[in-house]
Structure formats: structure tokens, C-alpha cells
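*Asks:*
2 protein chains.
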Amino acid sequence: MARTRAHNPRPFKREKHDHRRCVTTALDRAAKVCAAKGARLTAIRRQVLELVWQSHRPAGAYDILAALGRKRDYVAPPTVYRALEFLRAQGLVHRIESLNAFVGCERPGEPHCGQFLICRACGRAAEMADGRIEAAVRRGLAEAGFALERPTVEALGLCPDCQPPAEAGNA
Amino acid sequence: MARTRAHNPRPFKREKHDHRRCVTTALDRAAKVCAAKGARLTAIRRQVLELVWQSHRPAGAYDILAALGRKRDYVAPPTVYRALEFLRAQGLVHRIESLNAFVGCERPGEPHCGQFLICRACGRAAEMADGRIEAAVRRGLAEAGFALERPTVEALGLCPDCQPPAEAGNA
DNA sequence: GGCCGGGTGTTATCTTATAACATAACGTTC
DNA sequence: GAACGTTATGTTATAAGATAACACCCGGCC
Ligand SMILES: [Zn+2]
Ligand SMILES: [Zn+2]
Ligand SMILES: [Zn+2]
Ligand SMILES: [Zn+2]
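Chains as they are written, first to last, in my numbering: chain W, -5 to 165; chain A, -5 to 165.
(1) Per DSSP, what kind of secondary structure is histidine 88 of chain A in: helix, strand or coil?
(2) Between leucine 152 of chain A and alanine 115 of chain A, is the Cβ-Cβ spacing less than 7 angstroms?
(3) Say yes only if the C-beta of lysine 65 of chain A is nearer than 6 angstroms to one or more non-hydrogen atoms of ligand 1, and no if none qualify.
(4) Secondary structure at valine 69 of chain A, three-state DSSP: helix, strand or coil?
(5) Could you say which of W:Ile38, W:Ala70, W:Leu150 and W:Thr146 lies nearest to cysteine 99 of chain W if we only look at CA atoms?
(6) Given a limit of 7 angstroms on CB to CB distance, which residues of the segment 46 to 59 of chain W reach chain A?
(7) Does the separation of the CB atoms of proline 52 of chain W and leucine 78 of chain W fall below 7 angstroms?
(8) From arginine 82 of chain A to arginine 89 of chain A, what does the alpha carbon distance come to, in whole angstroms?
(9) Within 10 angstroms of its Cβ, does glutamate 167 of chain A collect 16 or more other Cβ (buried), or is it exposed?
(10) Between the alpha carbons of valine 46 of chain A and threonine 18 of chain W, how many angstroms are there, rounded?
(11) The segment 138 to 162 of chain W: which residues have C-beta closer than 8 angstroms to a C-beta of chain A, in chain order?
(12) Name the DSSP beta bridge partners of threonine 146 of chain A, please?
(13) Check each candidate in W:Gly108, W:Arg64, W:Ala25 and W:Val42 and name the one with the smallest Cα separation from alanine 55 of chain W.
(14) Only counting the same chain, and skipping five residues up and downstream in sequence, which positions put a Cβ closer than 8 angstroms to that of glutamine 157 of chain A?
(15) Using a Cβ-based criterion (distance less than 6 angstroms to any ligand heavy atom), does alanine 203 of chain A qualify as near ligand 4?
(16) For the segment 106 to 136 of chain W, enumerate the residues whose C-beta is nearer than 7 angstroms to any C-beta of chain A, in chain order.
(17) List, in chain order, every chain A residue whose beta-carbon is nearer than 8 angstroms to that of proline 72 of chain W.
(18) Out of W:Leu86, W:Arg64 and W:Ala120, which one is the CA nearest neighbour of leucine 35 of chain W?
(19) In angstroms, rounded to a whole number, what distance separates the CA positions of alanine 149 of chain W and alanine 123 of chain W?
(20) Kindly indicate if chain A contains any beta-carbon less than 7 angstroms away from that of glutamate 91 of chain W.
(21) Return yes when the C-beta of alanine 183 of chain A is under 6 angstroms from any heavy atom of ligand 4, and no when it is not.
(22) Under the rule that 16 or more other beta-carbon atoms within 10 Å means buried, what is glutamate 91 of chain W, buried or exposed?
(23) Listed by chain order, which residues have C-beta atoms less than 6 angstroms from any heavy atom of ligand 3?
(24) Spatial neighbours of proline 102 of chain A within its chain, please: CB distance less than 7 angstroms, with the 5 preceding and 5 following residues excluded, ordered by chain position.
(25) Kindly list, in the order they appear in chain W, the residues whose Cβ is closer than 7 angstroms to that of proline 5 of chain A.
(26) Shortest alpha-carbon distance to lysine 65 of chain W belongs to which of W:Glu44, W:Leu111 and W:Arg76?
(27) Using three-state DSSP, classify glycine 103 of chain A as helix, strand or coil.
(28) Look at the alpha carbon of arginine 40 of chain W and the alpha carbon of valine 69 of chain W, and state the distance between them as a whole number of angstroms.
(29) Of the choices A:Ala30, A:Ser49 and A:Gly108, whose alpha-carbon is the least far from that of aspartate 12 of chain A?
(30) When you measure from the CB of aspartate 155 of chain W to every non-hydrogen atom of ligand 4, does any distance come out below 6 angstroms?
(31) Kindly indicate which residue of W:Pro71, W:Phe80, W:Gly63 and W:Glu9 has the alpha-carbon position closest to the one of alanine 33 of chain W.
(32) Under the DSSP definition of a beta bridge, which residues are partnered with phenylalanine 96 of chain A?
(33) Quick check: what's the CA-CA separation for arginine 8 of chain W versus alanine 120 of chain W?
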């Protein structure tokens, strides 16, 4: 039963990691996904995607707008929103509803239900891929007679790095 | 193992139901919850709660603002937002992040993870109470080392009433 | 009275998002 | 390579959602 790993046990990256690699991987994957679908990853869309991946903190549309303004001539809000909508339609970014912000998708190409941990201390958001959560959600909604289109789970809290140190030897 | 019902199998109300009863129940419960906590359910807060319960469609802050203006003298946005924030802190309403809107909580007093089905056709939102989803979410987040504070599940789709009729005899 | 704190009123402003229309770039066909 | 339909972007204006900052009121308390 070729069961892929049920979930990623470490959704939050280390504080220090080779983030340039995150970015290049994301851009490479995006190119592949778009090519496979015949979608056009234009210059602006690519730049917006790159800016979304600037960090693991969700980026607001106007943050991206401002950053984009530094790279090229000023662009107006609709341009950014259109690019973000395109990227979301391709499954390349997720929108974090509770923050009105966007993060790059960790698993583009694989359809999945968005599951996010949002740290209210450091602001990072990590995407989980817990098959059990997804299964529970899909089952619950099916039992409610609901035709599911786009489920998302968002949890606000404290990431491992931002939690006060445990008193006892509780790992 | 006094297991409460795992979930409500019919989160969406019938089109026609005695909705006044929904409202009065909600207001009664709110009074009890506030009394128990020593929180003051003032006139404005109560009116805002009543307006949130006007229907099972999530109400935007400015919808409430407008409706409130019809009942009493004009109130400014901060008044409504403060009332909504109070109600949310008391667990009397939930915010639907993906809609920037608010719905009354079906189970005030019982701490729970918000689970919502949002129909993109009729606009209604139904709160689920699926213990298995909640358990899966809590477990997944705990395994990720995440200190959980406020998990929510939101699913966009079509409610049973709004789905195209099934072709075959598939219930 | 004088003080405090919670709740509300008021004004102004900020952030987020989209409507509507104009223009440019691309791909195809002949 | 001109004409055409299609998709993407530019531009202007505005809608929609949310909050900051400060004033005021009112009840309880000393
Ligand atoms: Zn990274
Ligand atoms: Zn953190
Ligand atoms: Zn009702
Ligand atoms: Zn519906």
C-alpha cells in the first residue's frame, strides 16, 4: 500500500537554513508546474512568486507591491493581486486567510488541503502535510453532505523555537 | 467513557426552520455565559450579537454597522468592532477569516476548534463539531511541536441544498 | 468631592481589495 | 506580415475592512 509519509514531522524550518535553496527549488518547481499545465509564468508572476518566497513569513499583497516597486517600475495593486491569483490557481501559493497574506506552497503539483501553523511570536507560517488531518476533514465534510472544494486549516500559536523553554525534561 | 456525540450529522439547518428560536436561544446562552464570567453584556453588545444571528449567513462588520444604524443612532466602526471583539473573546461568535465576517457560535461555553462549511452558492455557513477532526488537528499540531491556541478549519463548497441533483440513485 | 476603570463616542486614517476600462503582448491563420 | 482573437498588464478610481488616538460618560469606591 504505497503509503507516502503520513506527515512531515518538522514543518518549521530551522532558523538558519539555506533559504536560497528554498527559493530556487520553488522557482524550478513552478516552472515545471506551469509548463505541464500550459500556463505562462511571466516575468511579473515569477517575480511575485520569488517575493512570496522571500521568507517563510506570509507576505501581504502590499508588501509585495512595495518590494516589486524596488525591482522595477511601480506597479499598481491589481497587477499584484492578479499575479497572486494566478499563482494560487496554479497551486503555487496559499493564502493565509487569517493574515490576509500569502506563502509559497511546499508541495505544488500535489493537490492537498492547506494546513498551516502560524507563529504569533516570530510570524512564520509552516505548511503541514498531515494525511490524517486531511482524511478527517474530508470525511467529516462528506458526512455533512458537503461538496468540498477548498478546505484549509489554520492554527495560531507558538512555534517550537518561540515557546518558553520547558521546565521539566519534557523533551 | 462518557463520549459526547462525535459530531453533528446535519450542520446545515433546513431552509425553513424556526429561526427566531435560534436567536432567542443564542441570546439566552449569551446571557448565561456572560453572567458566569462576570462579563457585561451591554445593550450594544447584545444588539450586535442579535444582528450576527440575524441569519446563518456570516455578517460583515459593516453589514452589522448598517443594520445597527437602523435600530438606533448611527454608530461608528470602532463601536461595532469592539462589540465583535468582546463577543469573540467570550466565545459567542466566530470570525470566518476567509470571508471577513462573523457568525454566531453554536456551542458557546464549550471550548472547541472552529470548523465551518461555507456554501459559495447560498452563502450560509454551518459550524461543525466533529471530534475526529478536532482530535486529528490537535494531534498533528502537537507532533509538530506547536503550542496550539486557536485552530480553525474552513471549507468552501456547496451545501446539500445547493448541490446539483445527483443523476443516479446515489442518495 | 476626587479618583479609577470600563465602555462608548468621535474623528481621522490606514490597510486590503476590486471595478472598469485602456493598452500591450502573444499566437494563429491566412 | 497583416488581421484577429486571446491573454496579460497598465491605469485610475474607489470600495471594503480595520484600527489609532483621544474625548467623554458613568458607576463604584475612598
Ligand atoms: Zn527557507
Ligand atoms: Zn515562532
Ligand atoms: Zn436559524
Ligand atoms: Zn448553499
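Ideal placement from N, C-alpha and C gives every residue a C-beta, glycine not left out.
*Replies:* Let's see:
(1) Within the second sequence, the letter at position 94 stands for residue 88 of chain A. Shown here, histidine 88 of chain A sits in a strand according to DSSP, grouped into three states.
(2) Taking the second sequence and counting its residues from 1, the one referred to as residue 152 of chain A is at position 158. Taking the second sequence and counting its residues from 1, the one referred to as residue 115 of chain A is at position 121. Going by C-beta atoms, leucine 152 of chain A is nearer than 7 angstroms to alanine 115 of chain A.
(3) As a first step, residue 65 of chain A must be located in the second sequence, where it is residue number 71. Flag unset: Cβ of lysine 65 of chain A not near ligand 1.
(4) Position 75 of the second sequence, counted from the start, is the residue given in the question as residue 69 of chain A. Of the three classes helix, strand and coil, the one that applies to valine 69 of chain A here is coil, per DSSP.
(5) Indexing the first sequence from 1 puts residue 99 of chain W at position 105. Ranking the options by Cα distance to cysteine 99 of chain W, first place goes to W:Thr146.
(6) Answer set for the segment 46 to 59 of chain W: empty.
(7) The residue given as residue 52 of chain W occupies position 58 in the first sequence. The residue given as residue 78 of chain W occupies position 84 in the first sequence. The answer is no: Cβ separation not under 7 angstroms.
(8) On the second sequence, residue 82 of chain A is found 88 positions in, with the first residue counted as 1. On the second sequence, residue 89 of chain A is found 95 positions in, with the first residue counted as 1. Cα atoms of arginine 82 of chain A and arginine 89 of chain A: separation of roughly 8 angstroms, rounded to the nearest angstrom.
(9) The question about residue 167 of chain A has no answer, for chain A in this structure spans -5 to 165.
(10) What you label residue 46 of chain A is simply residue 52 of the second sequence in a count that begins at 1. What you label residue 18 of chain W is simply residue 24 of the first sequence in a count that begins at 1. Across the structure, valine 46 of chain A and threonine 18 of chain W are spaced so that their CA atoms are roughly 46 angstroms apart.
(11) Cβ contacts with chain A: Ala138, Gly139, Phe140, Ala141, Leu142, Glu143, Arg144, Pro145, Thr146, Val147, Glu148, Ala149, Leu150, Gly151, Leu152, Cys153, Pro154 and Gln157.
(12) The residue labelled residue 146 of chain A in the question sits at position 152 within the second sequence. Under the DSSP definition of a beta bridge, threonine 146 of chain A partners with W:Glu148 and A:Gly108.
(13) Sequence index remark: in the first sequence, residue 55 of chain W carries index 61 (1-based). Checked all of W:Gly108, W:Arg64, W:Ala25 and W:Val42; the closest Cα to alanine 55 of chain W is W:Val42.
(14) Position 163 of the second sequence, counted from the first residue, corresponds to residue 157 of chain A. Taking glutamine 157 of chain A as the centre and dropping the five residues before and after it, the same chain places no C-beta closer than 8 angstroms to its C-beta.
(15) Because chain A here runs from -5 to 165, residue 203 of chain A falls outside it and cannot be looked at.
(16) Answer set for the segment 106 to 136 of chain W: Leu111, Met122, Asp124, Arg126, Ile127, Ala130, Val131, Gly134 and Leu135.
(17) Locating residue 72 of chain W in the first sequence gives position 78, counting from the first residue. Within 8 angstroms Cβ-Cβ: nothing; proline 72 of chain W doesn't reach chain A, min ~19 angstroms.
(18) In the first sequence, the residue the question calls residue 35 of chain W occupies position 41. A check of alpha carbon separations from leucine 35 of chain W across W:Leu86, W:Arg64 and W:Ala120 identifies W:Leu86 as the nearest.
(19) On the first sequence, residue 149 of chain W is found 155 positions in, with the first residue counted as 1. On the first sequence, residue 123 of chain W is found 129 positions in, with the first residue counted as 1. Rounded to the nearest angstrom, the two C-alpha atoms are 14 angstroms apart.
(20) Counted from its first residue, the first sequence places residue 91 of chain W at position 97. Cβ-Cβ to chain A under 7 angstroms: yes for glutamate 91 of chain W.
(21) Summary: the structure shown does not reach residue 183 of chain A, with chain A confined to residues -5 through 165, and so no result is reported for it.
(22) Residue 91 of chain W sits at position 97 when you count from the first residue of the first sequence. That one is buried.
(23) Counting every residue whose Cβ lies closer than 6 angstroms to a heavy atom of ligand 3, we get A:Lys7, A:His11, A:His13, A:Cys16 and A:His50.
(24) Here residue 102 of chain A refers to the residue found at position 108 when the second sequence is read from its first residue. If we look at proline 102 of chain A and ignore the five residues flanking it on each side, its Cβ neighbours are Arg23, Ala24, Val27, Gly85 and Leu86.
(25) Numbered from its first residue, the second sequence carries residue 5 of chain A at position 11. Neighbours of proline 5 of chain A on chain W, chain order: Ala138.
(26) Here residue 65 of chain W refers to the residue found at position 71 when the first sequence is read from its first residue. For the options W:Glu44, W:Leu111 and W:Arg76, the alpha carbon positioned closest to that of lysine 65 of chain W is the one of W:Glu44.
(27) Working through the second sequence from its first residue, we reach residue 103 of chain A at position 109. It is coil, neither helix nor strand.
(28) Position 46 of the first sequence, counted from the start, is the residue given in the question as residue 40 of chain W. Position 75 of the first sequence, counted from the start, is the residue given in the question as residue 69 of chain W. For arginine 40 of chain W and valine 69 of chain W, the distance between alpha carbons rounds to 14 angstroms.
(29) Residue 12 of chain A sits at position 18 when you count from the first residue of the second sequence. Residue A:Ser49 is the option with its Cα nearest to aspartate 12 of chain A.
(30) Translated into the one-based positions of the first sequence, residue 155 of chain W becomes position 161. Taking 6 angstroms as the cut-off, one finds no heavy atom of ligand 4 near enough to the beta carbon of aspartate 155 of chain W.
(31) Numbered from 1 along the first sequence, position 39 holds the residue referred to as residue 33 of chain W. With distances taken between CA atoms, alanine 33 of chain W lies nearest to W:Phe80 out of W:Pro71, W:Phe80, W:Gly63 and W:Glu9.
(32) Here residue 96 of chain A refers to the residue found at position 102 of the second sequence. Answer is A:Ala53 and A:Arg89, bridged to phenylalanine 96 of chain A.
(33) As a working note, residue 8 of chain W is residue 14 in the first sequence. As a working note, residue 120 of chain W is residue 126 in the first sequence. About 11 angstroms.
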